[in-house]
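Enquirer:
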Amino acid sequence: MKRTRSRRSAEHPHVAVGNQYAKDVVAGKIPACKWVRLACQRHLDDLKRQKDRAFDYRFDPAEAEKVCRFVELMPHAKGAWASRGETLVMQPWQVFLTICIFGWLNKVDGFRRFRRALLLVPRKNGKSAWAAAIGLYMLAADGEHGAEVYSGATTEKQAWEVFRPARIMAMRQAAFREHYGVTVNASNLHMLSNESRFEPVIGKPGDGSSPHCAIIDEYHEHATDDMLATMQTGMGARDQPLTLVITTAGSNIAGPCYAMMQEARRMLDGIVDDDELFALMYGLDPEDDWTEEASLRKANPNFGVSVGDKFLLSEQRQAINNARHVSRFKTKHLNEWVNAKEVFFNIQRWIESAVPGLSVDDFAGQPCRIGLDLASKVDVAAMEITFKLDECDCPKAGELIEAGFRFARFGRYYLPSAAIEKGENEHYQAWHRDGLIVQSDGEMNDMTMIRDDILGTRDRHQLLEVAYDPDQARMMVSELQAEGIACTEVFATMKNFSEPMKEMDGLIRERAIAHDGDPIFTWMLSNVVTKANHRDQVYPRKERDENKIDGPVAHIMALGRWMIADEPAPASPWDDPEFSLVNA
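For the sequence shown, UniProt numbering gives the first residue as 1, with consecutive numbering after it.
#1: Are the beta-carbon atoms belonging to Gln462 and Pro367 less than 7 Å from one another?
#2: Ala152 and Ile99: beta carbons closer than 7 Å?
#3: Taking Cβ to Cβ, would you say Met354 is nearer than 7 Å to Gly517?
#4: For a minimum of 4 consecutive residues, which ranges assigned as the alpha helix (DSSP H) are wholly contained in the segment 350-425?
#5: Quick one: Cα of Trp562 to Cα of Phe410, how far?
#6: So Leu88 is in the beta strand (DSSP E); what residue range does that whole segment cover?
#7: May I ask you to list the residues that DSSP assigns as paired with His190?
#8: Can at least three beta-carbon pairs, one atom from the segment 288-307 and one from the segment 140-151, be found at a separation below 8 Å?
#9: Could you compute how far the alpha carbon of Phe329 sits from the alpha carbon of Asn300?
#10: Only counting the same chain, and skipping five residues up and downstream in sequence, which positions put a Cβ closer than 7 Å to that of Pro13?
#11: Note down the Cα distance separating Asp566 from Leu507, rounded to an integer number of angstroms.
#12: Hey, would you say residue 646 sits closer than 7 Å to Asp550, going by beta carbons?
#13: For Gln240, list the residues DSSP reports as bridge partners.
#14: Taking the alpha-carbon of Lys78 as reference, which of Val162, Leu136 and Val121 has the nearest alpha-carbon?
#15: CB Ala132 to CB Ala174, shorter than 7 Å?
#16: Do you know offhand how far residue 587's Cα is from Ala482's?
#17: What is the rounded straight-line gap between the Cα of Ile370 and the Cα of Pro395?
#18: Going by beta carbon distance, what residues of the same chain come within less than 7 Å of Phe345, once the five residues before and after it are set aside?
#19: Between the beta-carbon of Trp104 and the beta-carbon of Phe176, is there less than 7 Å?
#20: CB Arg115 to CB Glu263, shorter than 7 Å?
#21: Distance, Cα to Cα, Asp274 vs Arg69?
#22: Using three-state DSSP, classify Glu489 as helix, strand or coil.
#23: How big is the Cα-Cα spacing for residue 590 and Met261?
#24: State the Cα-Cα distance for the pair Trp160 and Ile168, rounded to the nearest angstrom.
#25: Here's a check: name, in chain order, each residue in its chain whose Cβ is nearer than 7 Å to the Cβ of Arg3, leaving out the five neighbours to either side.
#26: Could you round the C-beta distance between Pro211 and Glu148 to whole angstroms and report it? I think they count as a contact, below 8 Å.
#27: Please classify Ile520 as buried or exposed, where buried requires at least 16 neighbouring CB atoms within 10 angstroms.
#28: I'd like to know whether the C-beta atoms of Leu244 and Ala117 end up nearer to each other than 7 Å.
#29: Run the CB neighbour count on Glu489, radius 10 Å, all protein chains shown included, and call it buried at 16 or more, exposed below.
#30: Quick check: what's the CA-CA separation for residue 588 versus Thr493?
#31: Leaving out five residues before and five after Arg285 in sequence, what residues of the same chain have Cβ atoms less than 7 Å from its Cβ?
#32: Could you compute how far the alpha carbon of Leu268 sits from the alpha carbon of Asp471?
#33: Just to confirm, are Ala170 and Leu189 a CB contact at a threshold of 7 Å?
#34: To the nearest angstrom, report how far apart Gln20 and Ile30 are at their CA atoms.
#35: Could you check what DSSP says for Val17 in three-state terms: helix, strand or coil?
#36: Val26: which of Val15, Ala10, His43 and Glu11 sits nearest, CA to CA?
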């Protein structure tokens, strides 16, 4: 029987393409990482849920189709397609992205559901050209009087990466200019009829700005969330504003882009609810081999289209043949967060070991060891609570062992308010707002707070011992010992740290340490560097003072104590039935 297109598909062909993309990804017909699969599944699930009165949103195919058609009326701004005067043709993944952002509406007021959208995709996958066309739509065709559209970045060059193609598109599309009354100026686009404008912005927009659309390009380069926060604060008077973040991965794990990615992952995993955030994040899964061509195709949705297959394969070969190129290749072309410097630990494997929803409360009553790094009284102090899973008797330990884990860890971090409030410590301020840092008033850490947390851990778990550096915590250790807590000195030497540090490296590579996605520890782990001595011994170091490593140091200390506890007792000659003093 001949297959015919449904009436709905004929009326809304782009919507049909986008929905089919989602179905093919979920069915495994199109290779995609976990986060893309979850984004597609979310859309398909919501299409079914929209019939439920309790669900607040509905999908409007006409609205989605309208934006797709607008985008594909825009001309290419550069390259061979531009030289031939061709217009944009979105790939199925871009169609899916577009229909999701613009097709989902609130049932009550009819305004758009998604106010924030994150596109995380490797370089050269067509994100800037697509975002430029979206910016033009938000300027002229979204029906917003006095719309303000900004292309924001940390540098002028980057801010123009989206605005320049938008400006060229407007210049080359006379029908667009005439229909909407758009004037193309040297550094902005302007609609005299209602004072709408589109312009690049470096840093924060000016006072009084009221963005209708903020396009934040290469967010991984932002040290703080100042620009994003200022843009969103200014959107209060808009009915359906859009913050569009388009970026590749980067190396700043302490930055706002990584935090936003983690937020999006928690949302897609169902840990937190955020019906106003849409996220499409391309990359690899933990089991993927980065040296295979299939990994390039999986991480780069425009493979062979805007990003050439020969180019990517050449870049891959260079990385395989020269270790110096690996970090850059993985970051720019596979979308992995890789520190620019040669860190000791495998950060990507650590990120992949996060267990959503994992809590220290899952291990109530279970044996644990604590590592304590109190190296600084005026900066970060860290406490690591570690569990050896095969010594635990609880459901969560069994689940984790089944999944291949051997340890679970949880961190606590302490900072005085003076350190948090320093202007250069925006990452500390963000983590404190998120409840990840325990603050003490004044200039120094309050050791009684740390002591009380250790006592609380003793009360909730079986605290076997506290590993500490005797140069740091003598008074507090005396108080803990008075409470009956075993405390073990671990001097900061290569002899004490080398083997547990190597063991930790192996466990991370095996994804054998379960954790809750703690961003502070991940950042600190990315700061650990080392240089082996002539005996191949290693010791955790940092390149600069601001690159804190207290959490990993505390973890190494605790892990070292677990290793010593696992060592068999020295053999006794009395255990040998043939031993006698006469023959000794």
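For each residue, glycine too, the CB sits at the ideal point set by N, CA and C.
Quick caveat: nothing in here was measured; it's all calculated off a predicted structure.
Expert: Quick look at the numbers:
#1: Yes.
#2: Here residue 152 turns out to be Gly, not Ala, going by the sequence shown. No.
#3: Residue 354 is actually Ala in this sequence, not Met. Yes, these two residues count as a Cβ contact at 7 Å.
#4: Runs of the alpha helix (DSSP H) inside the segment 350-425: 395-402 and 417-420.
#5: Here the alpha carbons of Phe410 and Trp562 stand approximately 15 Å from one another.
#6: For Leu88, there is no enclosing beta strand (DSSP E), as DSSP marks it with neither H nor E.
#7: Partner(s): Thr183 and Arg197.
#8: They do not touch, by the three-pair rule.
#9: Rounded to the nearest angstrom, the two C-alpha atoms are 13 Å apart.
#10: Around Pro13: no qualifying Cβ.
#11: Inter-residue distance for Asp566 and Leu507 is about 16 Å (C-alpha atoms, whole angstroms).
#12: The first residue shown for the chain is 1 and the last is 584, placing residue 646 beyond what the model contains.
#13: Per DSSP, none; premise fails for Gln240.
#14: Relative to Lys78, the option among Val162, Leu136 and Val121 whose CA is nearest is Val162.
#15: No.
#16: In this structure the chain extends from 1 to 584, so residue 587 is not present and cannot be described.
#17: Put simply, the backbone Cα of Ile370 is about 22 Å away from that of Pro395.
#18: Exclusion of the five residues before and after Phe345 leaves Asp505, Ile508, Leu525 and Val528 as the residues of its chain whose Cβ lies within less than 7 Å of its Cβ.
#19: Cβ distance not < 7 Å, so Trp104 and Phe176 don't count as in contact.
#20: No, the Cβ-Cβ distance between Arg115 and Glu263 is not below 7 Å.
#21: Between Asp274 and Arg69, the C-alpha separation is close to 28 Å.
#22: In the structure shown, Glu489 falls within a strand segment according to DSSP collapsed to helix, strand and coil.
#23: No answer is possible for residue 590: the residues shown for the chain start at 1 and end at 584.
#24: Taking the straight line joining both Cα atoms gives about 11 Å.
#25: Low confidence applies here, because Arg3 scores a pLDDT of 33, under 50, leaving its location unreliable and the question unanswered by this model.
#26: Indeed, because the Cβ distance is near 5 Å, the residues count as touching under 8 Å.
#27: Around the Cβ of Ile520, a 10 Å sphere holds 16 or more other Cβ atoms; the residue is buried.
#28: Their beta carbons are under 7 Å apart, which means Leu244 touches Ala117 by this criterion.
#29: Exposed.
#30: Residue 588 lies beyond the stretch modelled for the chain, which goes from 1 to 584, so this question has no answer here.
#31: It is Asp, not Arg, that sits at residue 285 in the sequence shown. So the list reads Cys33 and Lys34, once near-sequence residues are dropped.
#32: Separation of Leu268 and Asp471 (C-alpha to C-alpha, rounded to the nearest whole angstrom) is 45 Å.
#33: Contact check for Ala170 against Leu189 passes: the beta carbons are separated by less than 7 Å.
#34: When rounded, the distance between both Cα atoms is 11 Å.
#35: Under the three-state reduction of DSSP output, Val17 falls in the helix class.
#36: Comparing C-alpha distances from Val26 to each of Val15, Ala10, His43 and Glu11 shows the shortest one belongs to His43.
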